[in-house]
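Step one of this worksheet: look at the structure below.
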Amino acid sequence: MTQANHLFVSAGPDRGKQITVTPEGIRIGRSSKNDVVLVDPRLSRHHCRLFFRPDGNLCVADLGSVNKTYVNDIEVQETVLNPGDIISLGETKISFVPEGSAGKPAGVIDLGLQTTSVRPARAPRRTGVLILVAVLVTAGAVAIWIPKLLAPRRSGPITPTIARPQAVDLSVSYEKVMASSDNIFRYSLTLEDLTLKIEIDDLENNRHVIERATVSADLVKNLVRTLGGSGFFLLSEEYIGVQPDVVHQWDLSLTMGRNTHRTRVLNRAEPDAFKHTREILEAFGKNELGLWAIQFSAEKLQEMAQEAYLQGKNLSDEREVKYGNLAAAITSFKEAEWYLQTVEVKPDFYISLRGLVTECTEALEKRYNDQQFLADKAIYLKDWERAASELRILCEMIPEREDERNQQARKKLLDVEARIQALK
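This is the structure:
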């Protein structure tokens with residue numbers, strides 16, 4: 056098997072660092088979740104992977120990095136490394152020294168660690184590697200414990216630090232591009248360290264959207280379980296077809312634990328496993344960031360927004376007819392706002408829409424306070440039947456059960472109804 060202890064960082068911020076590839080392979084990047092962490096700012100969080108093929112050859116594979124991976128100045132997706140090859144990642148260069156070389160490649164700083172055997176009388180290379188590992192472990196322990204020893208002592212119970220479960224070790228890089236002579240539509244989704252980011256560019260409709268959110272570890276765990284059975288990791292790297300005058304491309308890279316795979320589909324029907332996987336990711340992104348409306352054109356979004364706006368106006372005008380009309384009007388106005396979220400040129404009724412949202416919200420709050428006063432007065436006077444009636448009006452006025460005002464009114468109503476039953 057190719058000896059991995061002949062990989063050295065020959066250029067870049069980590070110049071002089073020796074890299075060892077384990078039998079399971081390693082990931083390289085800026086994220087602390089990688090097996091080898093480099094401080095090069097031009098690296099992606101998970102930039103590339105080094106691994107052994109069954110025949111023992113050492114390979115490098117790009118992980119959908121922004122600045123790409125190069126071997127001997129040629130961009131690669133995945134390739135076998137040969138002795139003397141130089142891997143370029145951002146400003147970093149990693150040299151693969153030929154087996155049996157007597158020293159490090161030119162430009163590598165000697166850290167004074169006996170990581171290679173250059174004299175027969177010295178300890179074998181394995182000893183040098185162990186020494187390096189021991190030094191790194193010791194340095195890590197010092198870096199972790201010295202600040203703790205110097206930190207001021209605190210009284211009271213100490214809240215334990217809970218390590219992030221391995222199950223959330225998921226990285227996603229997905230891009231969809233639909234281009235023709237009339238328009239270019241680009242959709243990008245990334246998920247890294249529980250941070251979800253979606254970018255949308257729609258030139259024809261003059262829309263540019265960037266949304267971010269932090270998602271819960273539990274949701275990512277569920278996503279990992281779902282994606283694990285999607286069949287994506289069994290797909291080929293590329294599926295290329297031909298369509299004149301258009302570009303329909305899907306490019307998806309997944310990293311789950313130590314498993315990494317990237318597949319690109321260009322101008323042909325998506326394989327079922329690929330389509331299933333990207334639909335899961337798109338639905339996850341839209342549910343988390345509330346971007347379902349992007350599937351419609353700007354004209355359709357304005358049409359739906361105007362319909363919701365007019366419905367809200369009617370409900371607002373009839374606020375005296377039913378107690379719940381004012382809350383329903385606010386819901387319709389917010390629905391109209393949601394439709395217009397990704398429309399860059401707002402329609403003429405947008406200013407009126409924003410004003411009505413404020414007006415109806417203030418009016419509902421005043422009505423709620425007045426009605427709550429009537430209910431509390433009836434409770435104080437122990438007029439339980441009247442109190443129950445006033446509280447039911449409150450619940451109708453604020454119909455959303457998630458609303459704290461509705462929850463408070465319902466709790467009081469349950470107590471009042473219990474008292475009425477006890478008196479019968």
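Heads up: the sequence shown runs through residues 56 to 479, numbered per our numbering. Glycine included, C-beta positions come from ideal geometry on N, C-alpha and C.
Contact between Ala338 and Ile453 is absent: CB atoms are separated by about 31 Å, not below the 8 Å threshold. Per DSSP, the unbroken alpha helix (DSSP H) holding Val471 starts and ends at Glu459 to Leu478. Annotation: the continuous beta strand (DSSP E) that includes Asp306 extends over Val302 to Met311.
In this structure, Ala353 is the residue among Glu390, Ala353, Tyr423 and Ala391 with its C-alpha nearest to the C-alpha of Val400.
Residues Tyr242 and Trp305 of the same chain have their beta carbon placed closer than 6 Å to that of Lys231, with the five preceding and five following residues left out of the count. DSSP links Glu247 through a beta bridge to Thr250. Leaving aside the five residues that flank Ala391 on each side, the residues in its chain whose CB is nearer than 6 Å to its CB run, in chain order, Ala360, Ala363, Tyr364 and Leu408.
Looking from the CA of His101, the closest CA among Val376, Asp224, Val297 and Leu290 belongs to Asp224. Under the 10 Å beta carbon count, Thr310 is surrounded by 16 or more other beta carbons and is classified as buried.
In the DSSP annotation of this structure, the continuous segment of the alpha helix (DSSP H) that includes Val275 starts and ends at Ala272 to Gly283.
Within its own chain, the residues whose Cβ lies closer than 6 Å to the Cβ of Asn122, once the five positions on either side in sequence are excluded, are Arg97 and Gly145, listed in chain order. If you look at Ser65, you'll find it isn't in any alpha helix (DSSP H); it sits in the beta strand (DSSP E) that goes Leu62 to Ala66.
With the rule of 3 Cβ pairs closer than 8 Å, the segment 285-294 does not count as touching the segment 237-257. For Ile335, the secondary structure class from DSSP, reduced to helix, strand or coil, is helix.
Taking 7 Å as the cut-off, the beta carbon of Gly84 is found closer than this to the beta carbon of Ser99. For Leu144, the beta-bridge partners assigned by DSSP are Thr147.
For the 7 Å CB-CB criterion, Leu93 and Asp117 do not form a contact. Annotated as proximal: Val115 and Ile142, with beta-carbon spacing under 7 Å.
Closest in C-alpha terms to Asp431, from the list Arg456, Ala464 and Leu419, comes Ala464. Note that the segment 287-301 does not touch the segment 268-279; fewer than 3 beta-carbon pairs, one per stretch, sit closer than 8 Å.
Counting the other Cβ atoms within 10 Å of the Cβ of Val91 gives 16 or more, which makes it buried. Contact between Val131 and Leu105 is ruled out by a C-beta separation of about 12 Å, above the 8 Å threshold.
Cβ-Cβ distances below 6 Å link Glu247 to Arg100 and Ser226 in the same chain, with the five nearest sequence neighbours on each side left out; the list follows chain order. Looking only at Ala473, Leu274, Arg280 and Val301, the smallest Cα-Cα distance to Met233 is reached by Val301.
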